[in-house]
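S.K.: There's a structure below that I have some questions on.
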C-alpha cells in the first residue's frame, strides 16, 4: 500500500483486519459518540447544514474523512428526524488502477452506493499548470463535483473538511497569503446556482477520524495524487507541524485559532473585504 501514497502523505495503517460492517456502523454512534457523532450533529444544528427536503451530494474521495462522512450521513438518515435524500458522488480524476479499485472495494464493503464517474483532471492540471498544479486541480475537481451534484438534482454538496483543515487554512492564509480567511461551514456556489457547499465534519478533530478508521480495519486512500506528490512540497504539512509545535507552549492554541474567525473586531482592523468591495478603517474618518 505504501507505494500508492504520495510523498509527504501520512499513511494510515489499520490496527487489524476489517471489522464487520455492523460493528463499524454501531461504533460511530456508540464508541465514538462523543468525538464523532455528537460533533457531527452539533455542526449540522449550529449551521443548519441539513434541512427538510434537501438532496445532498456527499463527495467521496475514498480518504478517511469522506468515508466517515458517508457513514455518518447514512446513520443520520436512519436515526435523524429531518427528511432528506442523499447521493454519494465519487470521481476518478486519473487514479492509478489499484487506487481506483481500493476506492470501489472500500465503498462496497461499507455499503456506500457511489456514483463513480471519470475525468482527466490529473492529466489536464499537469498540462496547464506543471509547476504548481494543486490549485488548478482543486478548482477543477470542485467544478466536476458541482456538475455531477447538479446532474443528480442535489441542492447541497457535502465536503469532508474537518476542524484541523479549518485552522490550517486560517493559518495558511495568514502566513502565506497575507489575508485573514477561514473555511466556512456553509457557502453558496458562485458558478452553480442553487447549490450550497456544506462541511458537516467542521467540529471533528482529525485524530479522532484516524482512530476510527484504524480501528475499523479500513485502508483508506491516502494521497492518491498522480501529479504533484513528487513535484512540489505541501505547505499544509508545514502549517500542521507549526500548529502542533505552538501547542507545546500555548494552551488550547487550536481552539484559539478556530475561535479567532468567530471574533473578528472590525473596529480594530486596517481593512476588510465584503461582497468583493475593499474597505479601510479610514472610511470612518471621512
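Numbering (our numbering), first residue to last: 108 to 393. Think of the CB as a built atom: it goes at the ideal place given N, C-alpha and C, for glycine as much as any other residue.
#1: Is residue 196 helix, strand or coil by DSSP?
#2: For residue 323, which residues of its own chain have a beta-carbon under 6 Å away from its beta-carbon, when the five flanking residues on both sides are left out?
#3: Could you tell me if residue 181 is buried or exposed, where buried requires 16 or more neighbouring beta carbons within 10 angstroms of its beta carbon?
#4: Put residue 224 into one of helix, strand or coil per three-state DSSP.
#5: Using the rule of at least 16 other Cβ atoms within 10 Å of the residue's Cβ for burial, across every protein chain shown, is residue 118 buried or exposed?
#6: Could you confirm whether any beta carbon from chain D is found closer than 8 Å to the beta carbon of residue 187?
#7: Is residue 265 closer than 8 Å to residue 163 when the C-beta atoms are compared?
#8: Whole angstroms are fine: how far does the CA of residue 200 sit from the CA of residue 253?
#9: Spell out a yes or no on whether the segment 178 to 195 and the segment 279 to 289 are touching, meaning 3 or more CB-CB pairs, one atom from each, closer than 8 Å.
#10: Would you decide whether residue 187 is buried or exposed? Buried here means 16 or more other CB atoms lie within 10 Å of its CB.
#11: Would residue 312 and residue 269 qualify as a contact pair, given that the criterion is a beta-carbon distance under 8 Å?
#12: In angstroms with no decimal places, state the Cα-to-Cα distance between residue 208 and residue 195.
#13: Rounded to whole angstroms, what's the CA-CA distance from residue 129 to residue 286? Just pull it up for me.
#14: Which residues does DSSP pair with residue 294 in a beta bridge?
#15: State the start and end residues of the unbroken alpha helix (DSSP H) segment that holds residue 209.
#16: Tell me whether the beta-carbon of residue 273 lies closer than 8 Å to the beta-carbon of residue 247.
M.R.: With the given structure in hand:
#1: In the chain shown, the residue the question calls residue 196 occupies position 89. Residue 196: strand per DSSP, three-state reduction.
#2: For the purposes of this step, residue 323 is taken as residue 216 along the chain shown, with counting starting at 1. Here the set comprises 126, 131.
#3: Here residue 181 is taken as the residue at index 74 of the chain shown, counted from 1. Burial call: buried.
#4: Position 117 of the chain shown, counting from 1, holds the residue named residue 224. Correct three-state label for residue 224: strand.
#5: One-based indexing of the chain shown puts residue 118 at position 11. Answer is exposed; the Cβ neighbour count stays below 16.
#6: This model lacks chain D altogether, as it is built from one protein chain only.
#7: Position 56 of the chain shown, counted from the first residue, corresponds to residue 163. Position 158 of the chain shown, counted from the first residue, corresponds to residue 265. Yes. Within cutoff.
#8: The residue labelled residue 253 in the question sits at position 146 within the chain shown. The residue labelled residue 200 in the question sits at position 93 within the chain shown. A straight line joining the alpha-carbon of residue 253 with that of residue 200 spans about 14 Å.
#9: no
#10: In the chain shown, counting from the first residue as 1, residue 187 sits at position 80. When all chains shown are included, residue 187 counts as exposed.
#11: Translated into positions along the chain shown, residue 312 becomes position 205. Translated into positions along the chain shown, residue 269 becomes position 162. By the CB criterion at 8 Å, residue 312 and residue 269 fall inside the cutoff.
#12: In the chain shown, residue 208 corresponds to position 101, counting from 1. In the chain shown, residue 195 corresponds to position 88, counting from 1. Cα-Cα distance, rounded: 17 Å.
#13: Taking the first residue of the chain shown as position 1, residue 129 is located at position 22. Taking the first residue of the chain shown as position 1, residue 286 is located at position 179. Residue 129 and residue 286: Cα-Cα distance of roughly 45 Å.
#14: Here the question's residue 294 lines up with position 187 in the chain shown. Answer is 304.
#15: Taking the chain shown and counting its residues from 1, the one referred to as residue 209 is at position 102. For residue 209, the enclosing alpha helix (DSSP H) covers residues 204 to 216.
#16: In the chain shown, residue 273 corresponds to position 166, counting from 1. In the chain shown, residue 247 corresponds to position 140, counting from 1. Not a contact, by the Cβ cut-off of 8 Å.
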